[in-house]
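J.: Take a look at the following structure, please.
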Amino acid sequence: MTAKDWIKLGAVTLALAAALHFLILWLIPLAITGVFIRRLVKEAGYNHVVTRPLPTDKSREVVKPSPDLLYAACSFDIGAGPVRISAAKPPQGYWSLALYDRNSDNFFKINNSEATGERIELILGLAPRAGDFAAAFPSAIYVQAPHTVGVMLARILVLDRAEMGAALAAQASVRCDPIEARG
Amino acid sequence: MHAIIRPNISRGFSALLTALGVLIMATALAVASAWWLMRHPPSHVITSGAWRTNSLAGSADADLYSRAYIAVTALFALNRSETIYFEAVEDDDHEPLLARCTYAIAGKPIDARWWSITAYGDDNFLIPNDANRFSFTMRNLKYGPDGAFRVIAAPVPQAENWLPTGLGDGGFNLLIRLYNPGAAIVADPDAARLPTIKRVGACS
C-alpha cells in the first residue's frame, strides 16, 4: 500500500470510530433502562406497580439504591392510551413520584411539599390532551411523556423505624392503571 | 483461467482482512474513548473538596457523556431541582478510598430538606456488614456539642457514627444525597459546604 492508501485507511478508521463512539454512548442509557423495564414487565407486566422492602446489600436491581427509601416502580406503556398514576401522601416525611424516559431522563417529578390534597393523581399520555381528562379527573395533573414506554419511580423516605408503618402504607397505595383503550 | 482467478481471490481476501482490521481498530478506539470521556465528562462536573456532582444528572439537557455515566453509576437520578448527588471516590488528599482503611468524614449539617451519607462498594451496591448499617441520615447521626458531626468509615466497629466499609480488599465510594437542597446550593452546588474526608490511622 502507498502512503496515500494508509492515510485513507486511517481517516476511514477514525471516522468509523467517531460514529461508533457516539452510538455506544447513546445506547448505554437505553440498554440499561431497557433491562430494568423488561425485568419489571417480566415480574408484573406493563402498568403494574412493583414494590420492594428497604434496600440492603442483597438489593441488586439498580446501582446505588438508597437504604433510607422505600421504592415502588412500574414500567408504563401508554401506547394503548393514557395511564393514571396515583398515590396517597404519607402524613409526614419525604415522598416523591418521578417519571423517567426510556433513556433514563427524569422528565417529571413531584414531591409531597409540591402536591396538594391527600392523594396525588397524574394522567400520563403521549399527546397534549389535558382537557380530555379534566372532567373525569379534576384533581389530576396531566403529564405528556416523550415516548410510549418509560418508568415511574416512587420514593418514600424512612428516617426512623417508627415511620415504617406509614411509609409501607404509602408505598402500597402507589398505582399505575390504564384508563382507556386505543380507539 | 487460473492465472486470472488467483489474484482476484487474493485481492478479495486482503481487502476483507483490511476491512476487519479497520472495524476492530475503530471499535477499540470507540469503546476506549467513550469509557474515558464518560468517566471524565468534558463539562458540567462540579467539584467541592473530594466531592463531585454532575449538574445535569437526571436532566433532559444532559449530554451523551453525562447521561451514560449516570445510567451506569446512578440510574434514575432525580434532576437537580429535586436532589443533588455528591460522589467521592477519593479522600481530601486525592488518594482512592480503600475499604481496609479508616476515614473521618467531618462536617456540619447541610441545607436541605433531608440529606444522607451512604457507602457503596466498588460494584456500586451497598456493602455487606454485620451491623446492617449502610448510611447515616441527618436524623440518626450523633452530633457534637458544636453541632458538627464526624462519621467514621472503617472496616471494623467504631465508638459512634460507624459507617462500615466491608472486609474486602478493594475500594469503596461515598454518596451524599441532598433532597430539596436550599436555593443557594441549587444555584451553586459548591455552596453546600460538604464534609472533609481524611484518612486516620493505619490501614488493616
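Just so you know, the protein sequences line up as chains A and B, in that order. When you line the first sequence up against our numbering, it's residues 6 to 188, in that order. When you line the second sequence up against our numbering, it's residues 1038 to 1241, in that order. Ideal placement from N, C-alpha and C gives every residue a C-beta, glycine not left out.
With a 10 Å radius around its C-beta and 16 neighbouring C-beta atoms as the bar for buried, classify A/His152 as buried or exposed.
T.: Start at 1 with the first residue of the first sequence, and residue 152 of chain A comes out as number 147. Sixteen is the threshold: since fewer than 16 other Cβ atoms of the shown chains lie within 10 Å of the Cβ of A/His152, the residue is exposed.
J.: By how many angstroms is the C-alpha of A/Phe27 removed from the C-alpha of B/Lys1179?
T.: Counted from its first residue, the second sequence places residue 1179 of chain B at position 142. Counted from its first residue, the first sequence places residue 27 of chain A at position 22. C-alpha separation (whole angstroms): 47 Å.
J.: Taking the alpha-carbon positions, what's the A/Asn117 to A/Trp100 distance?
T.: Counting from one through the first sequence, the residue named residue 117 of chain A turns up at place 112. Counting from one through the first sequence, the residue named residue 100 of chain A turns up at place 95. One C-alpha to the other measures close to 6 Å.
J.: Taking the C-alpha atoms as reference points, what is the distance between A/Ala186 and A/Ile83?
T.: Position 181 of the first sequence holds residue 186 of chain A. Position 78 of the first sequence holds residue 83 of chain A. With a pLDDT of only 48 at A/Ala186, under the threshold of 50, the placement of this residue in the model should not be trusted; the figure read from the coordinates follows. Approximately 10 Å between the Cα atoms of the pair.
J.: Evaluate the contact criterion for the segment 15–22 of chain A versus the segment 1046–1066 of chain B: three or more CB pairs, one atom per stretch, below 8 Å.
T.: yes
J.: Taking 6 Å as the limit between beta carbons, can you name the residues of its chain near B/Val1109, skipping five residues before and five after?
T.: Translated into the one-based positions of the second sequence, residue 1109 of chain B becomes position 72. Within the same chain, B/Val1109 has no close Cβ partners at all.
J.: Have a look at B/Asn1169 and A/Thr61 and give me their C-alpha separation to the nearest angstrom.
T.: As a working note, residue 1169 of chain B is residue 132 in the second sequence. As a working note, residue 61 of chain A is residue 56 in the first sequence. One alpha carbon belongs to B/Asn1169, the other to A/Thr61, and they sit about 8 Å apart.
J.: So the beta strand (DSSP E) B/Gly1158 belongs to, where does it begin and stop?
T.: Here the question's residue 1158 of chain B lines up with position 121 in the second sequence. Here the beta strand (DSSP E) through B/Gly1158 covers Ala1149 to Gly1158.
J.: Determine, for A/Gly84, whether the minimum Cβ-Cβ distance to residues of chain B falls below 8 Å.
T.: On the first sequence, position 79 is the one that residue 84 of chain A refers to. Not closer than 8 Å to any Cβ of chain B, the Cβ of A/Gly84 fails to qualify, so no.
J.: Applying the 10 Å Cβ sphere with the 16-neighbour rule, what's the burial state of B/Asn1045?
T.: Translated into positions along the second sequence, residue 1045 of chain B becomes position 8. Exposed, by the Cβ-count rule.
J.: Pick out whichever of B/Thr1174, B/Phe1050 and B/Asp1129 has its Cα sitting closest to the Cα of B/Ser1084.
T.: Reading the second sequence from its first residue, position 47 is the one you call residue 1084 of chain B. The residue asked about is misnamed: residue 1084 of chain B is Thr in this sequence, not Ser. Of B/Thr1174, B/Phe1050 and B/Asp1129, the residue nearest in Cα terms is B/Asp1129.
J.: Between A/Gly188 and the rest of its own chain, which residues show a CB-CB distance below 6 Å, the 5 nearest in sequence each way excluded?
T.: Position 183 of the first sequence, counting from 1, holds the residue named residue 188 of chain A. With a pLDDT of 37 at A/Gly188, under the threshold of 50, the modelled position of that residue is not reliable, and the figure given next carries that caveat. Here the set comprises nothing.
J.: Between the segment 67–78 of chain A and the segment 147–167 of chain A, are three or more C-beta pairs nearer than 8 Å?
T.: yes
J.: Which residues in chain B have a C-beta closer than 7 Å to the C-beta of A/Val17? List them in chain order.
T.: Along the first sequence, one-based indexing puts residue 17 of chain A at 12. What A/Val17 touches in chain B: Val1059.
J.: In three-state DSSP terms, what is B/Pro1201?
T.: Translated into the one-based positions of the second sequence, residue 1201 of chain B becomes position 164. DSSP places B/Pro1201 in strand when its eight states are reduced to three.
J.: Helix, strand or coil: which one does DSSP assign to B/Thr1084?
T.: Stepping through the second sequence from its first residue, residue 1084 of chain B is reached at position 47. Three-state result, B/Thr1084: strand.
J.: Find the nearest neighbour of B/Gly1181 within the set B/Ile1213, B/Ala1143, B/Asp1227 and B/Ala1220, judged by alpha-carbon distance.
T.: To locate residue 1181 of chain B, count along the second sequence from 1; it is residue 144. Answer by Cα proximity: B/Ala1143.
J.: What do you reckon, are the CB atoms on B/Asp1148 and B/Pro1218 nearer than 8 Å?
T.: As a working note, residue 1148 of chain B is residue 111 in the second sequence. As a working note, residue 1218 of chain B is residue 181 in the second sequence. Yes. Within cutoff.
J.: Taking the C-alpha atoms as reference points, what is the distance between B/Pro1194 and A/Ala36?
T.: By one-based count along the second sequence, residue 1194 of chain B stands at place 157. By one-based count along the first sequence, residue 36 of chain A stands at place 31. Roughly 40 Å separates the two Cα atoms.
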